[in-house]
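Here is the structure we will look at, set down as structure tokens.
Numbering (full-length UniProt numbering), first residue to last: 1 to 350.
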């Protein structure tokens, strides 16, 4: 087993940071030596997340207080915009340090596309070119050596795991893709927002960012790469009143495949050796409750009542496989640990 890896977590007071620590403290090769949260600097982690009080974790500090040359890997859980700036500072101070970024700052390969969707120019196009897209099951070779691993967004993770093998095989068309997606409220972050207050979000299901969600171009980038052509998808996210979980329903036109059974066979073959991806039985309906708290993804395909079309359904936990768990999975690949290390827990139910 590789030696202990000294790790820093930036943005440790967010939901993603909390889940990364929940999983990571059990990793035999991870040693968290620095946790940052500028607004909570000086506090013990237990005061921000009492459920982590039994873990032996360092107190929170500011980003500026971390000595980057003492750190082997940095997990970055900061918002987009803030991540790219500090990542450049880290790599300039300590080129040997690996970055696993959970923000959107290094996901889009085209910096002009980034500027269009995130409202500001990318500050480090030269580092963007060296970043690997961190969808583990589909990009392991690049992840092993890249200085920056850009973990996908939660929605793209669910969508791409369900569709990439089908697109790559030509089994479905990339035209007329309609993706209906639903996420638990933690997907909106821990900051105070009116639409995530209990009185606003409880007992209410609502779409948001219709036709303008930033995960749309990320989905199109990766599907387009698999298809070898530019792709435009119809992607609509929804906020659903539960704390965690994500379900995507993709309505697709058939390509070379004749029906859902053939699509299911392609997915089963593609993921036969993957520890975290399960293709459901023929009549099993994927549900967020079947993957809650785990790094698992559950996928199934159904025939549409419209001839020549199929419905692909995928479920993940947005905080685990959609973020923190995938970050640890990428860490395992990058640092030579067994890929399932610290991620073996089965889903919680009920």
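Don't be surprised by glycine CBs; every beta carbon is placed ideally from N, CA and C.
What's the C-alpha gap between residue i and residue j?
i, j, result
"residue 78", "residue 247", "24 Å"
"residue 34", "residue 183", "30 Å"
"residue 103", "residue 114", "12 Å"
"residue 215", "residue 153", "7 Å"
"residue 299", "residue 93", "43 Å"
"residue 272", "residue 280", "12 Å"
"residue 267", "residue 278", "9 Å"
"residue 177", "residue 258", "17 Å"
"residue 96", "residue 82", "21 Å"
"residue 290", "residue 205", "20 Å"
"residue 294", "residue 28", "18 Å"
"residue 270", "residue 109", "25 Å"
"residue 201", "residue 303", "33 Å"
"residue 191", "residue 243", "14 Å"
"residue 255", "residue 118", "34 Å"
"residue 338", "residue 330", "11 Å"
"residue 287", "residue 87", "36 Å"
"residue 140", "residue 5", "20 Å"
"residue 47", "residue 59", "10 Å"
"residue 2", "residue 325", "20 Å"
What is the residue span of the alpha helix (DSSP H) that residue i lies within?
i, result
"residue 238", "That residue, residue 238, is in no alpha helix (DSSP H); its beta strand (DSSP E) goes 234–239."
"residue 47", "45–48"
"residue 178", "Not the alpha helix (DSSP H): residue 178 falls in the beta strand (DSSP E), residues 178–183."
"residue 18", "15–24"
"residue 223", "215–227"
"residue 198", "198–201"
I'd like the span of the beta strand (DSSP E) that includes residue i, first residue to last.
i, result
"residue 251", "246–253"
"residue 35", "30–36"
"residue 259", "Neither: residue 259 is in no beta strand (DSSP E) and is coded neither H nor E."
"residue 7", "5–10"
"residue 297", "297–303"
"residue 333", "From DSSP, residue 333 is part of no beta strand (DSSP E) but of the alpha helix (DSSP H) over 325–335."
"residue 310", "309–316"
"residue 320", "Here residue 320 belongs to no beta strand (DSSP E), and DSSP marks it neither H nor E."
"residue 278", "277–279"
"residue 73", "73–76"
If you count every other CB in all the chains shown that lies within 10 Å of the CB of residue i, and 16 or more means buried, which is it?
i, result
"residue 128", "buried"
"residue 328", "buried"
"residue 36", "buried"
"residue 307", "exposed"
"residue 237", "buried"
"residue 70", "exposed"
"residue 260", "buried"
"residue 321", "buried"
"residue 84", "buried"
"residue 42", "exposed"
"residue 45", "buried"
"residue 101", "buried"
"residue 349", "exposed"
"residue 126", "exposed"
"residue 134", "buried"
"residue 210", "exposed"
"residue 181", "buried"
Touching by the beta-carbon criterion (3+ pairs, under 8 Å), the segment 154–165 and the segment 314–323: Contact holds: three or more Cβ-Cβ distances are below 8 Å.
Complete runs of the alpha helix (DSSP H) confined to the segment 91–161 [at least 4 residues]: 111–118, 125–128, 140–145
The segment 5–12 in contact with the segment 57–77 per 3-pair CB rule at 8 Å: Yes: at least three Cβ pairs fall under 8 Å.
The segment 139–152 contacting the segment 165–172, beta-carbon criterion three pairs below 8 Å: no
Given 8 Å, three or more beta-carbon pairs between the segment 11–31 and the segment 50–62: yes
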